[in-house]
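Here's the structure we're looking at; comments come further down.
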Amino acid sequence: LPNWETMWCSRKVRDLWWQGIPPSVRGKVWSLAIGNELNITHELFDICLARAKERWRSLSTGGSEVENEDAGFSAADREASLELIKLDISRTFPNLCIFQQVLIFVDFHVGLQKSFQKRKERESTKLQQLWSWCLGGPYHDMLHSILGAYTCYRPDVGYVQGMSFIAAVLILNLDTADAFIAFSNLLNKPCQMAFFRVDHG
135 LPNWETMWCS
145 RKVRDLWWQG
155 IPPSVRGKVW
165 SLAIGNELNI
175 THELFDICLA
185 RAKERWRSLS
195 TGGSEVENED
205 AGFSAADREA
215 SLELIKLDIS
225 RTFPNLCIFQ
235 QVLIFVDFHV
245 GLQKSFQKRK
255 ERESTKLQQL
265 WSWCLGGPYH
275 DMLHSILGAY
285 TCYRPDVGYV
295 QGMSFIAAVL
305 ILNLDTADAF
315 IAFSNLLNKP
325 CQMAFFRVDH
335 G
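According to the working numbering, the stretch in the sequence shown is residues 135 to 335, in order.
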C-alpha cells in the first residue's frame, strides 16, 4: 500500500486483486483504486449532508423547498429523488437486514375449521405467526446520508435507482465520509456517469 502509485498496475497487484482483498485493507485499497479526482473533502460532505437534511425537514413539514445554488432543478425533481432514496433503501440487500429502517417479515398460516351444530355455530381459528424483526438497521442512516448528500452534490444527476447498492457496498468497508468520497468519484467515471445519466451518446 505505501507504494500504490508505482505498484497498482503491476501483475503481482493484479493477481492479489483477483484473489480477493482482505477485509482489513479493502476500504483503503478501494479508496486508492477509485481515487479522489474531484478533491472532495470531509467538510464538503458535511455541507452536502446538512443541505440534504434541510430538504428532508422541509419536505416532512410540507414547507417550501430551501433555496440554494441548484435552483435550476425543480423542487419536484429533488422531492422525487428523496422519495426514491427512501424506497430504494428498503430494497437494498434486504436479506442482510442492516440497511432497512424497519423490516418485518410475517408468515401467517391460518387454518379455519368450521363445525356446525344444531343450535350452535362454532368457529375455531388457528393462527401461527412467525415474526422476524429488524428494527433500525445499523447502516440505514449512513446509507440515507450518503445518497441524500450525493443528490445535493450532483443535483443534475440526482438519485437513480440502483445507486443504493453501490453505496451500500462502500459503507460496509469505509466510514461515512470516505464512502461518500469514493461513491462520488466512482459515479463520476465516464462509464458510470453515462449509465446513471442515461446518456448513450
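Cβ coordinates follow ideal geometry from the N, Cα and C atoms, glycine included. Everything numeric in this text was worked out from a predicted model, so none of it was measured.
Considering only residues of the same chain and omitting the five flanking positions on each side of residue i, which have a CB-CB separation below 7 Å?
{"i": "S317", "result": "The sequence given here has Phe at residue 317, not Ser. The residues are I280, Y284, I300, A301, L304."}
{"i": "I155", "result": "V163"}
{"i": "C182", "result": "A283, C286, Y287"}
{"i": "V291", "result": "F330, R331"}
{"i": "S224", "result": "Q234"}
{"i": "N170", "result": "I315, N319"}
{"i": "C143", "result": "none"}
Given residue i, which residues of its chain have a CB within under 8 Å of its CB, disregarding the five upstream and five downstream residues?
{"i": "Y273", "result": "I232, F233, A302, I305, L306"}
{"i": "W94", "result": "Here the chain has residues from 135 to 335 only, and residue 94 is not among them."}
{"i": "T310", "result": "F179, M276, S279, I280"}
{"i": "V200", "result": "Because the pLDDT of V200 is 48, which lies under 50, any placement of that residue in the model is unreliable, and the question is left without a value."}
Just the Cα atoms here: how many angstroms apart are residue i and residue j?
{"i": "L172", "j": "L230", "result": "32 Å"}
{"i": "Q235", "j": "L216", "result": "15 Å"}
{"i": "A186", "j": "S165", "result": "24 Å"}
{"i": "V159", "j": "R148", "result": "15 Å"}
{"i": "K220", "j": "S194", "result": "13 Å"}
{"i": "S192", "j": "A184", "result": "12 Å"}
{"i": "F314", "j": "L178", "result": "10 Å"}
{"i": "P324", "j": "A214", "result": "25 Å"}
{"i": "D275", "j": "P289", "result": "20 Å"}
{"i": "W152", "j": "E188", "result": "42 Å"}
{"i": "I174", "j": "R145", "result": "30 Å"}
{"i": "Q295", "j": "P228", "result": "15 Å"}
{"i": "P157", "j": "L150", "result": "13 Å"}
Can you list, in chain order, the residues of its chain whose CB lies under 6 Å from that of residue i, leaving out five sequence neighbours each side?
{"i": "L398", "result": "Outside the displayed span of the chain (135 to 335) sits residue 398, for which this structure offers no information."}
{"i": "V168", "result": "Note that residue 168 is Ile in the sequence shown here, rather than Val. Excluding positions up to five away in sequence, the list reads A316, N319, L320."}
{"i": "G161", "result": "N307, L308"}
{"i": "H176", "result": "A311"}
So residue i packs on residue j, CB below 8 Å; how close in whole Å?
{"i": "D222", "j": "S298", "result": "5 Å"}
{"i": "T226", "j": "L277", "result": "7 Å"}
Entirely enclosed beta strand (DSSP E) segments - the stretch 300 to 331, minimum 3 residues = Within the stretch 300 to 331, no complete beta strand (DSSP E) run reaches 3 residues.
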